[in-house]
Amino acid sequence: MTSVLETSELSKTFTLHARGGLALPVFSGISLSVGPGECLALTGHSGSGKSSLLRCLYGNYSASSGEVRIRHQDQWISLSAAPPREVLDVRRRTLGYVSQFLRVIPRVSTLDIVAEPLRRLGVAADEARAQAAQWLARLNLHERLWHLPPATFSGGEQQRVNIAHGLIANHPVLLLDEPTASLDADNRRVVVELIHAARARGAAVVGIFHDDEVREAVASRCLDVEHYRKSN
Amino acid sequence: MSSDLLLSVRNAGKQFMQGQRLRWACRGVSFDLYPGEVLAVVGESGSGKSTLLRLLASRLACDEGSVHYDLREEAGSGVAASRGASGLVDLAGLSEARLRWLARTDWGFVEQHARDGLRMNVSGGANIGERMMALGARHYGKLRGEALSWMERVELDVDRIDDLPGTYSGGMQQRLQIARNLVTHPRLVFMDEPTTGLDVSVQARLLDLLRELVDQLHLAAVIVTHDLAVARLLAHRMLVMKDGCVVEQGLTDRVLDDPQHPYTQLLVSSVLTP
C-alpha cells in the first residue's frame, strides 16, 4: 500500500542546557508508515513519548536524528529538514493537527478561529464561516458561544473548537492528540464518527487515544511507543 | 507559494565605537525573507536586534556583509525599471534619493514610540495622507477618502480625523502610525517593538489588528520584539539574538516549543506564559 506519511529511524532526545547539558532520551529508531484511510494509534504509558512523536510528525519538535517524510502536492517532502515556509505550506494544505489544548487568540471569535484553516486556503470569509458553523453544530457547541472568543469556555468546549479547527480543512493527513480526553459520551461518539468519516474520505490518521473504547473504534493499527524508549 | 525572494541578508554586521574601542553591535546575520513572510527577531535589550532592523531598513550602513532587496515592482513608479536596476539589488549601492523613495513607498517602518513615526504637528488624516502625497496624489477629496477608510481599517474613530495625534491615546497613536505606513501598500514593513509600552488590552487589540492586516495585505514583515508571545502570534519564523549574533533560527513554534540553544532555552523557560 502507498503511504503518505513515513518516518525512518526517528529519534528524539532533549538536551537541557540549564541542567549542565543533561540528555533526556525520549525514543529512538522509530520507522513507521501510514497510508490513506488508515488510522495508526500510538500507545504507551503517559510519559512514554507519544505526544513528542506526534509533535515531531507535525514539525513542531525537531528530529534529533532520522527523518519525517510527508506526501505533499504529489511530492515527498522531508518535513524534518524543510525550511519554515515549506513546513507551513505542508500544514496549510496537507497536514492537520488537533492539539490537546486550544491556544486562544485574544479577541478572535470561535467561528473565526474554526474558519481560519479554510481562509488560509483562500476560501471566502462567508463560505468559511458557514462551514465553521456546520462543524460546530455537528460537535454540539451551543450557537450562543460561536461569536465569543473561547478563552472562557470549559475544557470540553475548547476541545470541540479545537477539533473543528483541526478537521475543517479536510487535510489528507491528520494528527490527533487525545481528541476525546475531556468530552462526554455523546460528544466522544461524534468525534469517533468524524474520524471514521475522515478515514472514509481517504485521510491518513495518527492519533493518541486515551480511551480504550475510542481507540478500538477508530484505529486500524497500534504502535507501542514504549518499545522505542531509549535507555531507561 | 511564491518563490521570489524579497530580502536577502548575508553576513550583515555593524560596529560602533564604545569608549575607545570598536564593538560589533551585530555581526554575521544571514537570512532570506519571502513575500508574505513574517519574521520575528527576539532577544534581550542590547542583543543587537534594533541595530539589525536599522541595517535592514538602510537607516544604518553595513560595515560588513550585505542586504539585498527585490526592486522588481517598485510601487507605482516605473522608475526602477527605467533606471535599469531591478531584481535583487544591494541596498548599499542605491542613492540616498532612491532609498528615501523605497522607504516612503515600498517599505514601512513602525517605531516603538509612535511619536517618532508620526508628525505630531499635523492632523491624523494628514499623517495618513502624507505618503500618498509623496507619491503625487493631490486631489483633496481622494486623500481624505483614503485617510477615512484607513482610519476605519485600523479601528480609529473617523470623527478624530482632524485632531492632532497628540490628543490620541497611546494605542490610537500606534494604530495611526500603522495606517500611515500601510496606506501605500508596502511589501515590507519593519516594526520595532510595536506593542511595547501599551496596556495589555490595548496590546491584544493591536496584535489582532496586525495579524489581520499582515494576512490580508500579504505583507512581509520583520518585527523586533522581546515578547515571545508577540512572536508566537504574528511570526512565521524567528531569529534569536544574543550579544549581536543569531544563536538560533527557524519555524516560530519549533523554536519556542523545542529550543535547541542554551540561551533560547533560558529565554523560553523564563517566561511565565510563553
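Going down the list, the protein sequences come from chains W and F. Going by our numbering, the first residue of the first sequence is number 23, and it counts up by one from there. Going by our numbering, the first residue of the second sequence is number 9, and it counts up by one from there. Glycine included, every Cβ here is placed at the ideal spot set by N, Cα and C.
Cβ-based neighbour list, residue i, same chain, cut-off 6 angstroms, excluding 5 preceding and 5 following
i	result
F:Leu-99	Ser-66, Val-75, Tyr-77
F:Gln-120	Asp-200, Glu-201, Thr-204
W:Arg-142	Arg-114
W:His-232	Glu-200, Ala-203
F:Gln-181	Ala-122, Pro-173
F:Arg-91	Bear in mind that a pLDDT of 48 at F:Arg-91, under 50, signals an unreliable position, so the model cannot answer this.
W:Ala-150	Ala-137, Leu-140, Arg-141
F:Val-279	Leu-236
For residue i, the three-state DSSP class (helix, strand or coil)
i	result
F:Glu-153	The question names Glu, but residue 153 of chain F is Gly in the sequence shown. F:Gly-153 falls in the helix class under three-state DSSP.
F:Tyr-77	strand
F:Met-128	coil
W:Asn-192	coil
F:Glu-45	coil
F:Asp-40	strand
F:Trp-32	strand
W:Cys-78	helix
F:Asn-19	strand
W:Glu-165	helix
F:Ala-105	helix
F:Thr-272	helix
W:Thr-174	helix
W:Gln-259	The structure shown does not extend to residue 259 of chain W, since chain W is modelled only from 23 to 254, so the question has no answer here.
F:Ser-66	coil
W:Glu-3	Since the first residue shown for chain W is 23 and the last is 254, residue 3 of chain W is missing from the structure and cannot be characterised.
F:Gln-257	strand
F:Arg-146	coil
F:Val-279	coil
W:Glu-200	coil
W:Val-213	helix
W:Thr-24	coil
W:Ile-230	strand
F:Gln-26	strand
W:Ser-100	strand
W:Arg-243	strand
Neighbourhood of residue i by C-beta distance below 8 angstroms, restricted to the same chain and skipping five residues each side
i	result
W:Val-120	Asn-184, Ile-185, His-187, Gly-188, Leu-189, Leu-196, Leu-197, Leu-198, Asp-199, Pro-201
W:Asn-209	Leu-161, Asn-162, Gly-178, Arg-182, Thr-202
W:Pro-128	Pro-171, Ala-173
W:Thr-37	Gly-43, Leu-44, Ala-45, Leu-46
W:Gly-224	Pro-58, Gly-59, Pro-194
Selection from the options that minimises the alpha carbon distance to residue i
i	options	result
F:Leu-101	F:Cys-70, F:Arg-112, F:Thr-113	Before going further, note that residue 101 of chain F is Gly rather than Leu in the sequence given. Residue F:Cys-70 is the option with its Cα nearest to F:Gly-101.
F:Ser-16	F:Glu-52, F:Leu-242, F:Cys-34, F:Asp-40	F:Asp-40
F:Ala-237	F:Met-25, F:Val-50, F:Trp-32	F:Val-50
F:Gly-3	F:Trp-32, F:Leu-79, F:Gly-73, F:Val-230	Examination of residue 3 of chain F is not possible in this model, given that chain F is present from 9 through 282 alone.
W:Thr-29	W:Val-240, W:Ala-146, W:Gly-88, W:Val-227	W:Gly-88
W:Arg-41	F:Pro-270, F:Val-279, F:Leu-275	F:Pro-270
F:Leu-14	F:Gln-268, F:Gln-257, F:Ala-228, F:Pro-267	F:Ala-228
F:Gly-306	F:Cys-34, F:Tyr-42, F:Asp-216, F:Leu-47	With chain F represented from 9 up to 282, any question about residue 306 of chain F goes unanswered, as that position is not in the structure.
F:Ala-111	F:Val-197, F:Asp-216, F:Leu-206	F:Val-197
F:Ala-48	F:Gln-224, F:Ser-278, F:Arg-219, F:Ser-277	F:Arg-219
F:Leu-242	F:Val-279, F:Val-255, F:Asp-261, F:Gly-133	F:Asp-261
F:Ser-38	F:Gln-28, F:Leu-64, F:Phe-24	F:Leu-64
F:Pro-43	F:Ser-277, F:Val-230, F:Val-255, F:Ile-136	F:Val-230
F:Leu-206	F:Arg-183, F:Ala-187, F:Arg-188	F:Arg-183
F:Leu-264	F:Leu-107, F:Ala-187, F:Leu-247	F:Leu-247
F:Leu-164	F:His-147, F:Cys-253, F:Arg-188	F:Arg-188
F:Val-118	F:Pro-267, F:Gly-36, F:Leu-61, F:Asp-223	F:Leu-61
F:Asp-12	F:Ser-53, F:Arg-29, F:Leu-96, F:Met-25	F:Leu-96
W:Leu-110	W:Gly-66, W:Ile-52, W:Leu-158, W:Asn-82	W:Asn-82
F:Gln-211	F:Thr-233, F:Ala-105, F:Arg-195	F:Thr-233
W:Arg-243	W:Lys-252, W:Ser-70, W:Ile-230	W:Ile-230
F:His-226	F:Phe-24, F:Gln-23, F:Glu-45	F:Glu-45
W:Ala-222	W:Ala-241, W:Ser-70, W:Ala-207	W:Ala-241
Contacting residues, own chain, Cβ-Cβ under 7 angstroms from residue i (five flanking each side not counted)
i	result
W:Leu-167	Thr-132, Phe-175, Glu-179
F:Leu-259	Arg-245
F:Gly-86	Residue placement at F:Gly-86 is flagged as unreliable, the pLDDT there being 46, under the threshold of 50; the coordinate-derived value follows with that caveat. So no residue of the chain qualifies.
F:Ala-145	Leu-151
F:Ser-131	Ile-169, Asp-170, Asp-171, Leu-172
W:Ile-52	Thr-29, Leu-32, Leu-75, Tyr-250
Check: Taking the runs of the alpha helix (DSSP H) that are 4 residues or longer, which of them lie wholly in the segment 178-249 of chain F?
Finding: 178-190, 208-225, 236-242
Check: Are the segment 66-78 of chain W and the segment 43-50 of chain W in contact at 8 angstroms, needing three or more beta carbon pairs?
Finding: yes
Next item on the list: Let me know the beta strand (DSSP E) ranges lying completely inside the segment 111-155 of chain W, each 3 residues or longer, listed in chain order.
Entry: 117-120
Next item on the list: Taking 8 angstroms as the threshold, find out whether the segment 163-179 of chain F comes into contact with the segment 19-37 of chain F through three or more Cβ pairs.
Entry: no
Checklist line | At least three beta-carbon pairs within less than 8 angstroms, the segment 214-234 of chain W to the segment 56-75 of chain W | finding: yes
Check: Is the segment 90-104 of chain W close to the segment 139-158 of chain W, with three or more CB pairs under 8 angstroms?
Finding: no
Checklist line | In chain order, each beta strand (DSSP E) run of at least 3 residues that lies wholly inside the segment 37-86 of chain W | finding: 44-56, 61-65
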